[in-house]
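See structure below.
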Amino acid sequence: MDSTTAQISRFAQALRYEDIPPAVRDLAVQHIVDSLACAYAARDCDAARIATALAHPVAPTAPGGNDFTGRVIGSPDLVAADLAGFVNAAMIRYLDYSDTMVPGGHPSDCLGGLLAVAATRGSSGKELVTALVVAYEVFARFGASAYIRKRGFDQGLTVGISLAAGLGNLLGMSVEQIAHAVSLTTVTTVSLRATRAGTISMWKGAATAEAVRETVFLAALAERGLTGPDKPFEGRHGVWEIVTDREFTFTDFPAEGGPYLFETNAHLKYWPVEFNTQVAVWAARELREKVALDDIAGVHLGTYWSAWHETGSEKDKWNPTTRETADHSLPYIFSKALVDGEITIATFAPEQYLDPGIRTVMDRVTVGQDEEMDALFPEVIAMRVTARLTDGSTVELRSEKARGHALNRMSRDETSAKFRQLVTAERAGAALDFWWSLAEQDDVAQGFELLA
Numbered sequence: 001m002d003s004t005t006a007q008i009s010r011f012a013q014a015l016r017y018e019d020i021p022p023a024v025r026d027l028a029v030q031h032i033v034d035s036l037a038c039a040y041a042a043r044d045c046d047a048a049r050i051a052t053a054l055a056h057p058v059a060p061t062a063p064g065g066n067d068f069t070g071r072v073i074g075s076p077d078l079v080a081a082d083l084a085g086f087v088n089a090a091m092i093r094y095l096d097y098s099d100t101m102v103p104g105g106h107p108s109d110c111l112g113g114l115l116a117v118a119a120t121r122g123s124s125g126k127e128l129v130t131a132l133v134v135a136y137e138v139f140a141r142f143g144a145s146a147y148i149r150k151r152g153f154d155q156g157l158t159v160g161i162s163l164a165a166g167l168g169n170l171l172g173m174s175v176e177q178i179a180h181a182v183s184l185t186t187v188t189t190v191s192l193r194a195t196r197a198g199t200i201s202m203w204k205g206a207a208t209a210e211a212v213r214e215t216v217f218l219a220a221l222a223e224r225g226l227t228g229p230d231k232p233f234e235g236r237h238g239v240w241e242i243v244t245d246r247e248f249t250f251t252d253f254p255a256e257g258g259p260y261l262f263e264t265n266a267h268l269k270y271w272p273v274e275f276n277t278q279v280a281v282w283a284a285r286e287l288r289e290k291v292a293l294d295d296i297a298g299v300h301l302g303t304y305w306s307a308w309h310e311t312g313s314e315k316d317k318w319n320p321t322t323r324e325t326a327d328h329s330l331p332y333i334f335s336k337a338l339v340d341g342e343i344t345i346a347t348f349a350p351e352q353y354l355d356p357g358i359r360t361v362m363d364r365v366t367v368g369q370d371e372e373m374d375a376l377f378p379e380v381i382a383m384r385v386t387a388r389l390t391d392g393s394t395v396e397l398r399s400e401k402a403r404g405h406a407l408n409r410m411s412r413d414e415t416s417a418k419f420r421q422l423v424t425a426e427r428a429g430a431a432l433d434f435w436w437s438l439a440e441q442d443d444v445a446q447g448f449e450l451l452a
């Protein structure tokens, strides 16, 4: 195996719950609670509905059997593990309310696969937390080191590699088995960012769910002895040659003396919008307190390259015709927050983003790169807002480190409030009690029953 595969696999195999600092354990539980809320609220989304129709219930495997079953959040049924992973991940992602790592994408996509498998393998809460930390630590390192989006590759590769490592830990696989799982998913889940360009389709919220589906299946193959390519990263036609066009190295893993990047790179969302636009919501709220909408002749949003490229570099972002485009449209999100004072799930109903009135506000908004904001990224997420008023004067303000950012964390109470907002009242109380006390739970499946 190449050195990158070996480094990931050794870390994944060796990490134990007792090794993880208490603060990181607590963060992992908070991200699980947050992700479950997002998934439950999206249980009827198109991608989940369509995929669930293919995920036929199966009988449980006898004790000691060769199990490949999984659980879907909100359902009492057992289904094929890979399809359960797909549905879970699609639900977690649909509302664009789930967590983020910058750069990299959405590490909670991995949780869709981990939950699917943990619920039928008798995994404890501590085992799930440990596997999640493995996945997040790999995700943070690959996301920051490879930075694949600039060459037009999508997040599925990052999700697949990270989930393979997490599943290897969860299932007690050997270093060699994990290496094969990582290899198989690395050469399989390379996907294109065309998914997130132009008018964005339903696939935006399901593309990484497909990486989860493939990885759950590939990890099961590796667990059972299927081998993968020897040098998926560093060898001929591997990641270095094809995907990144350069060599890269990881920040040392914790066992090698490095930090837990979970603490610095993982962020939650206060608003149900693309993470780069969180600061825009807060900026719009501040601006509307200073000036009346009718007094604004134009607004320029100065941001860093990644935010501009993702949410404000295409004409489609000024003409959203799908939910998926609207929740990745900086001019739409800023304009709606300016008009309404908040962003909610209802903001992305068709009658909202197709409203001619909001289009007249969006027409006053321009978006561009700002060198100072670029220099701060990724440690600080910031945006400069310059409003030109009808009397010729200007108002300038700056928004940074939105609530939920690692430097401005959401509290446990805020995460619980988000959970109660998204989960039906009759289920929220008992479910919150279980999942917040996850480290004390012997079987993750019991938490699924509370949401089924």
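Under full-length UniProt numbering, the residue at position 357 of the sequence shown is numbered 357, and the numbers go up by one with no gaps. C-beta atoms are modelled at their ideal positions from N, C-alpha and C, and glycine is treated no differently.
Where the beta strand (DSSP E) through residue i begins and ends
i, result
"residue 369", "365 to 369"
"residue 299", "296 to 303"
"residue 79", "78 to 80"
Buried or exposed by the 16-neighbour rule on C-beta atoms within 10 Å, applied to residue i
i, result
"residue 192", "exposed"
"residue 42", "buried"
"residue 96", "buried"
"residue 446", "exposed"
"residue 237", "exposed"
"residue 109", "buried"
"residue 265", "buried"
"residue 325", "buried"
"residue 290", "exposed"
"residue 301", "buried"
"residue 426", "exposed"
Inter-residue CB distance, residue i and residue j (contact presumed, cutoff 8 Å)
i, j, result
"residue 7", "residue 173", "Not confirmed; about 16 Å, so no contact."
"residue 199", "residue 316", "5 Å"
"residue 123", "residue 444", "5 Å"
"residue 333", "residue 283", "Not confirmed; about 10 Å, so no contact."
"residue 83", "residue 118", "That pair is no contact at about 16 Å."
"residue 438", "residue 262", "About 16 Å separates the two Cβ atoms, so there is no contact after all."
"residue 180", "residue 257", "The Cβ separation is near 27 Å, so there is no contact."
"residue 141", "residue 244", "Not quite, the Cβ-Cβ distance comes to about 13 Å (not below 8 Å), so this is no contact."
Residue i - DSSP class collapsed to helix/strand/coil
i, result
"residue 397", "strand"
"residue 383", "strand"
"residue 362", "helix"
"residue 348", "helix"
"residue 450", "coil"
"residue 213", "helix"
"residue 389", "strand"
"residue 84", "helix"
"residue 354", "coil"
"residue 271", "coil"
"residue 241", "helix"
"residue 259", "coil"
Limits of the unbroken alpha helix (DSSP H) element including residue i
i, result
"residue 429", "425 to 436"
"residue 413", "412 to 422"
"residue 440", "Neither: residue 440 is in no alpha helix (DSSP H) and is coded neither H nor E."
"residue 99", "Careful: residue 99 lies outside any alpha helix (DSSP H) and carries neither H nor E."
"residue 407", "Taken as a continuous stretch (DSSP letters only), residue 407 belongs to no alpha helix (DSSP H), as it is neither H nor E."
"residue 247", "Per DSSP, residue 247 belongs to no alpha helix (DSSP H) and is neither H nor E."
"residue 263", "262 to 265"
"residue 117", "108 to 118"
Contact with chain D by residue i, beta-carbon distance below 8 Å
i, result
"residue 207", "Absent from the structure is chain D; it holds one protein chain and no more."
Enumerate, from N- to C-terminal direction, the unbroken alpha helix (DSSP H) stretches of 4 or more residues contained entirely within the segment 278 to 345.
278 to 290, 305 to 311, 323 to 326 and 330 to 340
Which runs of the alpha helix (DSSP H) at least 4 residues long sit entirely within the segment 13 to 76? Give them in chain order.
22 to 41 and 46 to 52
Whole alpha helix (DSSP H) elements within the segment 135 to 201, 4-residue minimum:
156 to 170 and 175 to 186
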